[in-house]
Structure formats: structure tokens, C-alpha cells
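Student: Residue numbers (this note's numbering): 64 to 146.
Just so you know, even glycine gets a beta-carbon here, dropped at the ideal spot from N, CA and C.
Keep in mind the model is a prediction, meaning the values are calculated, not measured.
Below are the C-alpha cells for one structure; questions will follow.
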């Protein structure tokens, strides 16, 4: 079962449901990619939820597939997303 994880504090949330199904992870854009969640039934889309002013990471494995970002990397992400 997929989940959303905050890269800063480690907070975990369930992936939102829409039309009684878990939303799926999608990328949109040609040069600058945007992450969002999409309902496979009706096509409804939402941007990736934020936590600690940065987008949460969509994880569909039992382990976290990336290392924790450094403090400077987190600050750079916050600048990009306006946090």
C-alpha cells in the first residue's frame, strides 16, 4: 500500500482516496516536472500535498528509497515551493 512521507520530519500519511480508490502518482510537464495525484476512475487531479513546506514523497515500497536531504537541500526546496 502506498503512502506519503515528509522528507524533513518523517511524517507519514495515507494516499488520499477518490471514487473509493487510492489515487495514483503522476508526473506532468516537459522540462520542469510537476508531481501530482490522480484518480484513475474520473481523472480528478491534486498537486502533491505539502508537509513542513515541502512536497511529500510518494512511496509504494516498504522502505524509503532515498536518503534524508541535508539542511541546505531542504532550505532550497522550501524556497522553490514558497515555504
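Please determine, among 69, 101 and 102, the residue with the shortest C-alpha to C-alpha distance to residue 113.
Tutor: Here the question's residue 113 lines up with position 50 in the chain shown. Nearest of 69, 101 and 102 to residue 113, Cα basis: 69.
Student: What does the alpha-carbon distance come out to for the pair residue 142 and residue 107?
Tutor: The residue given as residue 142 occupies position 79 in the chain shown. The residue given as residue 107 occupies position 44 in the chain shown. Cα to Cα, residue 142 sits roughly 28 Å from residue 107.
Student: Locate the beta strand (DSSP E) running through residue 141, then write down its first and last residues.
Tutor: On the chain shown, position 78 is the one that residue 141 refers to. Careful: residue 141 lies outside any beta strand (DSSP E), inside the alpha helix (DSSP H) at 134 to 143.
Student: Using only the alpha-carbon positions, how far apart do residue 133 and residue 105 sit?
Tutor: Counting from one through the chain shown, the residue named residue 133 turns up at place 70. Counting from one through the chain shown, the residue named residue 105 turns up at place 42. Spanning the two alpha carbons is a distance of roughly 38 Å.
Student: If you follow the beta strand (DSSP E) that residue 77 is in, where does it begin and where does it stop?
Tutor: Counting from 1 along the chain shown, the entry for residue 77 is found at position 14. Here the beta strand (DSSP E) through residue 77 covers 75 to 77.
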